[in-house]
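Keeping their order, the protein sequence lines are chains A and B.
Residues in the first sequence are numbered from 1 upward in steps of one, following the working numbering.
Residues in the second sequence are numbered from 1001 upward in steps of one, following the working numbering.
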Amino acid sequence: MNLTCIECPKGCLLTIEIQDSEVIVEGYDCLRGKRFGEKEVKNPTRTIATTVKTIYPELPVVSVRTASEIPKEDIFKVMEEINKVIIDKVYPIGTVLISNVCRTGADIITTSDMTRIINK
Amino acid sequence: MLKKVINYDVVIIGAGPAGLAAAEAVDEAFSVLLIEREARAGGILKQCIHDGFGLVRFKEKLSGPEYAERYIQMVLKKSNVKLETLTFVIKVEKVKDEYLITTTSKQGIQTYATKRLILANGCRERTARQVNIHGDRPAGVMTAGNAQNFVNLMGLMPTKKCVILGSGDIGLIMARRLKLEGADVLGVYEAKSTPSGLSRNIQQCLIDFDIPLHLSKTVTRVFGNRRVEGVEISSVDEKMNPIKGTEEYIECDALVVSVGLIPENEIAENLNISIDRRTRGPFVDQNMMTLTDGIYSVGNALHVHDLVDYVSEVSETAGKNVGHERKRELVEVASKGCMYLVPQYIDVNSLKEKTTFFFRSNTDMLKAKVIVMVNGEEIYAKKYVALRPPEMEKISVPLKLEKDDKLEVLLSAETIDACPAE
Chain A
1 MNLTCIECPK
11 GCLLTIEIQD
21 SEVIVEGYDC
31 LRGKRFGEKE
41 VKNPTRTIAT
51 TVKTIYPELP
61 VVSVRTASEI
71 PKEDIFKVME
81 EINKVIIDKV
91 YPIGTVLISN
101 VCRTGADIIT
111 TSDMTRIINK
Chain B
1001 MLKKVINYDV
1011 VIIGAGPAGL
1021 AAAEAVDEAF
1031 SVLLIEREAR
1041 AGGILKQCIH
1051 DGFGLVRFKE
1061 KLSGPEYAER
1071 YIQMVLKKSN
1081 VKLETLTFVI
1091 KVEKVKDEYL
1101 ITTTSKQGIQ
1111 TYATKRLILA
1121 NGCRERTARQ
1131 VNIHGDRPAG
1141 VMTAGNAQNF
1151 VNLMGLMPTK
1161 KCVILGSGDI
1171 GLIMARRLKL
1181 EGADVLGVYE
1191 AKSTPSGLSR
1201 NIQQCLIDFD
1211 IPLHLSKTVT
1221 RVFGNRRVEG
1231 VEISSVDEKM
1241 NPIKGTEEYI
1251 ECDALVVSVG
1261 LIPENEIAEN
1271 LNISIDRRTR
1281 GPFVDQNMMT
1291 LTDGIYSVGN
1301 ALHVHDLVDY
1311 VSEVSETAGK
1321 NVGHERKREL
1331 VEVASKGCMY
1341 LVPQYIDVNS
1351 LKEKTTFFFR
1361 SNTDMLKAKV
1371 IVMVNGEEIY
1381 AKKYVALRPP
1391 EMEKISVPLK
1401 LEKDDKLEVL
1411 LSAETIDACP
1421 AE
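As structure tokens, this is what we get:
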């Protein structure tokens, strides 16, 4: 199996082989690439970034992301949970909006500052 | 109402990642005016909500707004920097040994005077009009950055079912973003035979979400009365000309275009600053000073970077040099095998321990090598498994140079692969 490592912009082309239930990764330039390749076979994970609606017309949405990676297969389930939230308070950057989203162990945190934009 | 001219040691135009990093790096001894036309600093990073920023600069994977926030906080702490938002530059002119910058804002028209100007006004997207698409001009044809602004800042969905033209990074990122928000992304079409964006974005934005990438195909016509109803796709030959008889019709409500970025240099051109036609930004020395004394160019106005981390780095280089200028003696850098190389000149009077060069290869190269030569003698070499034009490379060279020396940066490869099989 061939895949591109997404750990950094270099984008190493990895070759992954499974021999006797052991995962062999080749083509990486650093250990993050090796780990990425191994994880990609067993339990692929991703960070997701999206927005959450607010009640403030001057800032209709606030950007958020998962604070840690979630299983790739849970992406759309997590999106659904995030889309249920409406922000009605002014939060600083890094505020946890949902903890342990869909029991993935990851929190959903805000990634932009609201306090300088909404003066209330 | 005309107001008194206000003096600053340095004026920076644009408070995006480049302007912020430059402002942050200027010596506390100098007064800095940082001008921003939008309501908030941060530039395009405000809408780049995806992660992957800051791996080089902060050793962390941050989203765009988080990366911007770090710099905004640093700049707000500096007592010598004044940030003016919702302020638009309407004129820059040279009067004697000073630059006069006239702005308009809610407070009216104001002129500032400075001896040092940093142009950090970023780049613009090429539009659908610039890539020769025939047919109707309905609503629903937009650039990827435009779509990104709708979704990530305004909270509006501009499409339910779309086609993306061009495989630039923003296009790939928007393919994923629109898919996450529930849109049907029918495919990414690229006229070239290789993708323009980073390989990792092909993986994490397209392959991860089962969005097909069609190479050597382009949009040749747009259909629709008031709103886009469909597009015509054609295969193209090696010269990127559409091939007759290959047309297919695809029903969609939007065409998202991601066909490249162009440095914005209207101000630089009006000041008669020499522009490199390869980068489409000004020629600069290693301190990012243009060939006009006192004027610097940084960030994507200088050349389009892949990574914001490098934008910050070059802008900091300019910021640090501001106020410490010496009389320059410039040596031109000759290059071979490069699509472009920055800086294009070296000031021999302000060389540091290491000199940084950024370059892109002019074609796909396998087992490649970059060599730096002074007077025909190799002083630095670095090998690469592969070099591709979409991926900018950086080298730090311990450069020693005198006024009449000859400096060359040469790229070569064992295999020059014009059409790699990917």
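Using N, Cα and C, we set each Cβ at its ideal position, and we do this for glycine too.
| Check | Outcome |
| --- | --- |
| Do C1252 of chain B and E1186 of chain B come within 8 Å of each other at the CB atom, strictly closer than that value? | Contrary to the premise, residue 1186 of chain B reads as Leu rather than Glu in this sequence. Cβ distance < 8 Å, so L1186 of chain B and C1252 of chain B count as in contact. |
| In terms of DSSP beta bridges, what is D1027 of chain B paired with? | For D1027 of chain B, which the question treats as bridged, DSSP gives no partner whatsoever. |
| Specify the secondary structure class of A1120 of chain B as computed by DSSP and reduced to three states. | coil |
| Compare the beta carbon distance of S1258 of chain B and E1247 of chain B with 8 Å and say whether it is the shorter of the two. | no |
| Mapping the DSSP letters down to three states, classify N972 of chain B as helix, strand or coil. | Residue 972 of chain B falls outside the range modelled here, since chain B spans only 1001 to 1422, and no answer is possible. |
| 8 Å is my cut-off, CB to CB: does V101 of chain A come that close to chain B? | no |
| Verify the CB distance criterion: does P1263 of chain B have a CB-CB separation below 8 Å to chain A? | no |
| Residues of chain A with CB closer than 9 Å to the CB of K1078 of chain B, please, in chain order. | Simply none; closest approach about 16 Å. |
| With 9 Å as the limit, tell me which residues of the segment 1130-1160 of chain B have their beta carbon closer than that to any beta carbon of chain A; keep them in chain order. | V1151, N1152, L1153, M1154, G1155, L1156 |
| Please classify M1392 of chain B: is it buried, with 16 or more other beta-carbons within 10 angstroms of its beta-carbon, or exposed? | buried |
| On the DSSP letters alone, give me the boundaries of the alpha helix (DSSP H) that R32 of chain A sits inside. | 31-42 |
| Thinking C-alpha only, which one of B:V1308, B:K1327, B:M1289 is nearest T1317 of chain B? | B:M1289 |
| Assign M1142 of chain B to buried or exposed, taking buried as 16 or more other Cβ atoms, counted over all protein chains shown, within 10 Å of its Cβ. | buried |
| Give the interface partners of G11 of chain A over in chain B, defined as CB-CB distance under 9 Å, in chain order. | L1198, S1199, R1200, N1201, I1202, Q1203, E1391 |
| Just checking my contact of G1155 of chain B with T51 of chain A at CB under 8 Å: how many whole Å lie between their CB atoms? | 6 Å |
| Starting from T47 of chain A, find everything on chain B with Cβ-Cβ shorter than 8 Å and list it in chain order. | D1051, K1061 |
| How far does the beta strand (DSSP E) with Y1380 of chain B in it extend, from its first residue to its last? | 1377-1387 |
| Helix, strand or coil, according to DSSP, for T1143 of chain B in the structure here? | strand |
| Jot down the residue ranges of each uninterrupted beta strand (DSSP E) in the segment 1207-1275 of chain B, minimum 3 residues, whole runs only, in chain order. | 1213-1215, 1217-1223, 1230-1235, 1248-1251, 1254-1257, 1261-1263 |
| Since I believe C1205 of chain B is in contact with A1183 of chain B (beta carbons under 8 Å), could you give me their beta-carbon distance rounded to a whole number of angstroms? | 14 Å between Cβ atoms; not a contact. |
| Anyone know if the C-beta pair for I1013 of chain B and I1267 of chain B falls short of 8 Å? | yes |
| Go ahead and label C30 of chain A buried or exposed: buried means 16 or more other beta carbons lie within 10 angstroms of its beta carbon, across all protein chains shown. | exposed |
| Taking the beta carbon of D88 of chain A as the centre, do at least 16 other beta carbons fall within 10 Å, making it buried, or is it exposed? | exposed |
| Answer yes or no: does any C-beta atom of chain A fall closer than 8 Å to that of P1065 of chain B? | yes |
| Are the C-beta of L1083 of chain B and some C-beta of chain A separated by less than 8 Å? | no |
| Tell me the DSSP secondary structure of Q19 of chain A in three-state form. | strand |
| Residues in the same chain with beta-carbon distance under 6 Å from A1229 of chain B, minus the five sequence neighbours each way, listed in chain order, please. | Rather than Ala, the amino acid found at residue 1229 of chain B in this sequence is Glu. Around E1229 of chain B: F1223. |
| Can you give me the start and stop residues for the alpha helix (DSSP H) that F76 of chain A sits inside? | 75-82 |
| Apart from the five residues just before and just after P1420 of chain B, which ones in its own chain have a Cβ nearer than 6 Å to its Cβ? | Bear in mind that the predicted position of P1420 of chain B carries a pLDDT of just 43, short of 50, making it unreliable; the figure below should be weighed with that in mind. Within the same chain, P1420 of chain B has close Cβ partners D1364. |
| Quick check: what's the CA-CA separation for V1231 of chain B versus D1306 of chain B? | 30 Å |
| With a threshold of 16 other CB atoms inside 10 Å of the CB of R1326 of chain B, please say whether the residue is buried or exposed. | exposed |
| Could you name the residues of the same chain whose beta carbon sits closer than 7 Å to that of N1362 of chain B, not counting the 5 residues immediately before and after it, in chain order? | G1337, C1338, M1339, P1389 |
| So with Cβ pairs under 8 Å, would you call V61 of chain A a contact of chain B? | yes |
| Quick check on DSSP: helix, strand or coil for F1058 of chain B? | coil |
| According to the neighbour-count rule (16 or more other Cβ atoms, all chains shown, within 10 Å of its Cβ), is F1088 of chain B buried or exposed? | exposed |
| Quick check: the Cα distance between A1068 of chain B and L1117 of chain B, rounded to an integer number of angstroms? | 22 Å |
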